[in-house]
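Working notes, structure below.
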Amino acid sequence: MFELHHLTAQEQWNWLHRREVSVRDLVEHYLARIARLDDGIGSFVTVAGDRALAQADRLDAEGPGAQPLWGLPLGDKDLVARAGQRTTYGSRVLAENVPDRSDELVGVLDSAGAVSLGTTAAPEFGMPAYTESSLSGATRNPWAPALGVGGSSGGAAAAVAAGLLPFAPGSDGGGSVRIPAAATGLVGLKPSRGLLPVGSGLDRLAGLVVPGAIARTVADAAMLLDGLAAGGPYEFATRAPNDGSPLLASAVRGEGRFQLGVTTWSPWSTEYDIRVSPEAREALSRALEELTAIGHGLEEFEPEPAPEYAAAFRTVWQAGAATLPLDDGQLELVEPLTRWLVRTGRATGAQQLAEALATLTGFERSIIRSFSRFDAVLTPALALPPPPIGWFERDRPERDFEQQCLFTPFTSFVNVAGLPAISLPVAESADGIPMGVQLIGRPGGERTLLSIGAQLERRIGWQRRHPPAWTG
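Counting in the numbering used here, the sequence shown runs without a single skipped number right up to 1223 at its last residue.
Encoded structure:
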């Protein structure tokens, strides 16, 4: 039986503009699905139904406008403050936090015409690559409830995979959009550093964190990123190359033949025993088979060694945690991983941090140099299938950090290099769990990634594969 969530975000937008469905109808549909299904998934922390319906009524009264996301529901990641809405940052110490001011990203999405249904789950302060919070519990994978969804945008990915949202924004500082998208059979799009006016990354330590898009289709991800890009004038001196044309056009056309590099190299391999699982290798093989059939050039290669990467990244990650506004009493209440990161970061000297930042800048140049002869580079999205809930040893923070690197060794270096990347759900394991690949582009190379992604999507048809919850 047909239901509204069976439509893509683009199709829903078209129906709204043709007045074949009202914004209230669409919002009510998704709120009803959240009420019926989310107890078994845990994708939302706070559901703001009354506010969402009031916003829907305002949009219906105004009628369709030029806003790129007009009338489409989504969720605020629980790391993004919306005035008057409970925002916990995934932490027990902020369980009742209700901010009186909204973050800039909220204003951009509202101005684009989107309707937030509430907050999607995230791990504490977005630090881990899994979404298992002591505050709100574990977010479960709609494909197999015993499995996790990755992180840190795990609630957003679970909601889209289960058909509780058409698409969702996330944030990506080390893979936090691409990891959960890959774990739940979705498309995860991380833009270049400096591409978006909001969340450019240029105002964050080492430029790691940028907003991104999680969606069922390549075009829907491009549509959401276009909505974020429409958020106002650019206010930084540096930005990624961008001709200003909508990304959506590249995702819809899916044209071109490109020269692609292929690698399973990771800079974490000098620190940890990185092993690519048979499931991840099979997904990479499937992508290579399809890309060859399309006519792309493919060349296996390995970037320059980077033995200094792991220690430098860990230092910067810890230094970022050191800025969290937590006093000694609050530190006793946070997760062991957060406590370890904060305390280690606060003990880091200025010289050590400066040296780590200089190391990562050198690494950025090395990666861009290694990748420069390719239009895009293909890697596995994850080294392992999504692990069972409870797999990460949360009471041993250094081991926890190592396990995250074993699970996701291909994502953080893309943030360090400031490059665009997209995860694509090209395959599934023998037991039906999605497995994906990652395409990494040149600075400002989102359109190439979207074109290749659209080509693969047409051949593989992953948008027609859905977990049991999607039909519930």
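From the three backbone atoms N, C-alpha and C, an ideal C-beta is built for every residue, glycine too.
Residues that residue 889 bridges to, as DSSP identifies them = Stepping through the sequence shown from its first residue, residue 889 is reached at position 138. For residue 889, the pairing in a beta bridge is given by DSSP as 883.
Who are the near neighbours of residue 989 in its chain, counting only those whose CB is closer than 8 Å to its CB and skipping five residues on each side?
-> For the purposes of this step, residue 989 is identified with residue 238 of the sequence shown, where counting begins at 1. Same-chain partners within the cutoff: 945, 953.
In or out: residue 1171 buried (at least 16 other Cβ within 10 Å) or exposed?
-> By 1-based counting over the sequence shown, the position of residue 1171 is 420. Under this definition residue 1171 is a buried residue.
Do the stretch 936–950 and the stretch 1161–1175 make contact, defined as three or more Cβ pairs closer than 8 Å?
-> Put simply, the stretch 936–950 touches the stretch 1161–1175. At least three CB pairs are less than 8 Å apart.
Between residue 981 and residue 819, which are expected to be in contact by the criterion C-beta below 8 Å, what is the C-beta distance as a whole number of angstroms?
-> One-based indexing of the sequence shown puts residue 981 at position 230. One-based indexing of the sequence shown puts residue 819 at position 68. Rounded, the Cβ-Cβ distance is 5 Å, consistent with contact.
What's the gap between the Cα of residue 1022 and the Cα of residue 1061?
-> The residue labelled residue 1022 in the question sits at position 271 within the sequence shown. The residue labelled residue 1061 in the question sits at position 310 within the sequence shown. Going from the Cα of residue 1022 to the Cα of residue 1061 covers about 6 Å.
Presumed contact (8 Å Cβ cut-off) between residue 826 and residue 910, rounded CB distance = Taking the first residue of the sequence shown as 1, we reach residue 826 at position 75. Taking the first residue of the sequence shown as 1, we reach residue 910 at position 159. That pair is a contact at about 6 Å.
CB contact flag (residue 903, residue 874, <8 Å) = By one-based count along the sequence shown, residue 903 stands at place 152. By one-based count along the sequence shown, residue 874 stands at place 123. In this structure, residue 903 sits near residue 874, with a CB-CB distance shorter than 8 Å.
From residue 1032 to residue 1208, what distance separates their C-alpha atoms?
-> Position 281 of the sequence shown holds residue 1032. Position 457 of the sequence shown holds residue 1208. Cα to Cα, the separation comes out at about 19 Å.
So, helix, strand or coil for residue 1078, using DSSP?
-> As a working mapping, residue 1078 is identified with position 327 in the sequence shown. Three-state DSSP puts residue 1078 in coil, outside helix and strand.
Mind checking who residue 1102 pairs with in its DSSP beta bridge?
-> To locate residue 1102, count along the sequence shown from 1; it is residue 351. Looking at the DSSP output, residue 1102 sits in no beta bridge, so it has no partner there.
Secondary structure of residue 1146, DSSP reduced to three states | One-based indexing of the sequence shown puts residue 1146 at position 395. Residue state, collapsed to three classes: coil.
Could you pull the start and end residues of the alpha helix (DSSP H) that residue 1186 belongs to?
-> By 1-based counting over the sequence shown, the position of residue 1186 is 435. Here residue 1186 belongs to no alpha helix (DSSP H); instead the beta strand (DSSP E) covers 1185–1192.
For residue 1161, three-class secondary structure by DSSP | As a position in the sequence shown, residue 1161 is number 410, starting the count at 1. Residue 1161 falls in the coil class under three-state DSSP.
Compute the distance between the beta-carbons of residue 1221 and residue 913, then report whether it is under 8 Å.
-> Taking the sequence shown and counting its residues from 1, the one referred to as residue 1221 is at position 470. Taking the sequence shown and counting its residues from 1, the one referred to as residue 913 is at position 162. Yes, the Cβ-Cβ distance between residue 1221 and residue 913 is below 8 Å.
What distance in whole Å lies between the Cβ atoms of residue 864 and residue 821, which are believed to be in contact at a cut-off of 8 Å?
-> Here residue 821 corresponds to residue number 70 of the sequence shown, with the count starting at 1. Here residue 864 corresponds to residue number 113 of the sequence shown, with the count starting at 1. 3 Å between Cβ atoms; contact.
Taking 8 Å as the threshold, find out whether the stretch 912–932 comes into contact with the stretch 1100–1112 through three or more Cβ pairs.
-> No, the stretch 912–932 does not touch the stretch 1100–1112.
Considering only residues of the same chain and omitting the five flanking positions on each side of residue 849, which have a CB-CB separation below 6 Å?
-> Locating residue 849 in the sequence shown gives position 98, counting from the first residue. Excluding positions up to five away in sequence, the list reads 837.
What are the complete beta strand (DSSP E) segments, minimum 3 residues, inside the stretch 797–841?
-> DSSP runs (the beta strand (DSSP E)) wholly in the stretch 797–841: 824–828.
Top-ranked residue by Cα proximity to residue 883, from 860, 761, 843, 867 | Sequence index remark: in the sequence shown, residue 883 carries index 132 (1-based). Nearest of 860, 761, 843, 867 to residue 883, Cα basis: 843.
Bridge partners - residue 1051, DSSP secondary structure assignment = Counting from 1 along the sequence shown, the entry for residue 1051 is found at position 300. The partner list for residue 1051 (beta bridge, DSSP) reads 1013.
If you draw a straight line from the C-alpha of residue 801 to the C-alpha of residue 1063, how long is it?
-> Along the sequence shown, one-based indexing puts residue 801 at 50. Along the sequence shown, one-based indexing puts residue 1063 at 312. When the Cα atoms are used, residue 801 and residue 1063 turn out to be separated by approximately 46 Å.
Looking at the unbroken alpha helix (DSSP H) that takes in residue 1202, where does it start and where does it end?
-> Position 451 of the sequence shown, counting from 1, holds the residue named residue 1202. For residue 1202, the enclosing alpha helix (DSSP H) starts and ends at 1197–1211.
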